[in-house]
Amino acid sequence: FIDIEGSTPMAERLGDLRWLALLRETNSIVRAEIARYGGFEVKTIGDAFMLAFGSARRALLCAIGVQQGIARYSADHPEHAVRLRIGLHAGEPVREGNDFHGRSVILASRIAGEAAGGEILASALLRELTESAGDIRFEVGREVALKGFAGTHQVYPVRFA
Numbered sequence: 005f006i007d008i009e010g011s012t013p014m015a016e017r018l019g020d021l022r023w024l025a026l027l028r029e030t031n032s033i034v035r036a037e038i039a040r041y042g043g044f045e046v047k048t049i050g051d052a053f054m055l056a057f058g059s060a061r062r063a064l065l066c067a068i069g070v071q072q073g074i075a076r077y078s079a080d081h082p083e084h085a086v087r088l089r090i091g092l093h094a095g096e097p098v099r100e101g102n103d104f105h106g107r108s109v110i111l112a113s114r115i116a117g118e119a120a121g122g123e124i125l126a127s128a129l130l131r132e133l134t135e136s137a138g139d140i141r142f143e144v145g146r147e148v149a150l151k152g153f154a155g156t157h158q159v160y161p162v163r164f165a
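Its first residue numbered 5, the sequence shown is counted upward by one per residue in this note's numbering.
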C-alpha cells in the first residue's frame, strides 16, 4: 500500500486543480515503477494505491524505486514536495476478479498506516523473504500495534538512498 502523507491539508492548500495535477505527477512516478517491476495495480482510492506482485523482492524494489522517484520529484519541486508512506507484507490473499481480500491485505494496509512520510515499512515475513540476497538492508525493527489485530507485530524500515 502507498499513500501520500498529509494529502488532505496539501489538497486544501493547493486547491483542486493544482492538487489533481500533483496527483497525476505522483501517480505517473508510481505507475512507472509498477511497470518496471511487473506489479499489478489493484486499485487506487484518492491518493492511495493498492498493489500486488508475484514476488516479495519485486514489490520491495518497486517501493524503493517509488520513494527514490518521489524524492527526485520533490527536490525538483520543493513548493510541492510529496512524502509517501509505503507498507509491505507477503501473504496469500483471496482474489475476487481484479481485487484482493483477506488478512494479508488488511495487514499490509495497517503497516502502511504505521509508516512515516518517506518511509517503507516491511512486515517481518517480507523482510525474511527478501533479505537473503544481501543487497537490501533493513533498519532495526519496531513493535507496533495494528488496528484490529491482537498483540503486536514487528515491522522493519527499509534502507534506501
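Here a beta-carbon is modelled for each residue, glycine too, at the ideal position from N, C-alpha and C.
- Collapsing the DSSP output to three states places R141 in coil.
- In this structure, A126 places its C-beta atom within 8 Å of the C-beta atom of L92.
- For E147, the enclosing beta strand (DSSP E) stretches over residues R146 to A149.
- Scanning its chain for C-beta atoms nearer than 8 Å, with the 5 sequence neighbours on each side dropped, one finds around F104 the residues V46, M54, A56, P97 and V98, in chain order.
- For A52, the enclosing beta strand (DSSP E) has its first and last residue at A52 to A56.
- Between the alpha carbons of G58 and G138 lies a gap of roughly 20 Å.
- A75 is not a Cβ neighbour of D7, given a cutoff of 8 Å.
- When beta bridges are read from the DSSP output, I6 appears opposite F53 and I90.
- Bounds of the alpha helix (DSSP H) holding V34 are D20 to R40.
- About 6 Å separates the beta carbon of S78 from that of V86, a gap short enough to meet the 8 Å contact definition.
- Here DSSP, grouped into helix, strand and coil, assigns S127 to strand.
- A straight line joining the alpha-carbon of E118 with that of H84 spans about 23 Å.
- Taking a contact to require three or more Cβ pairs closer than 8 Å, the segment 23-42 and the segment 140-160 do not qualify as touching.
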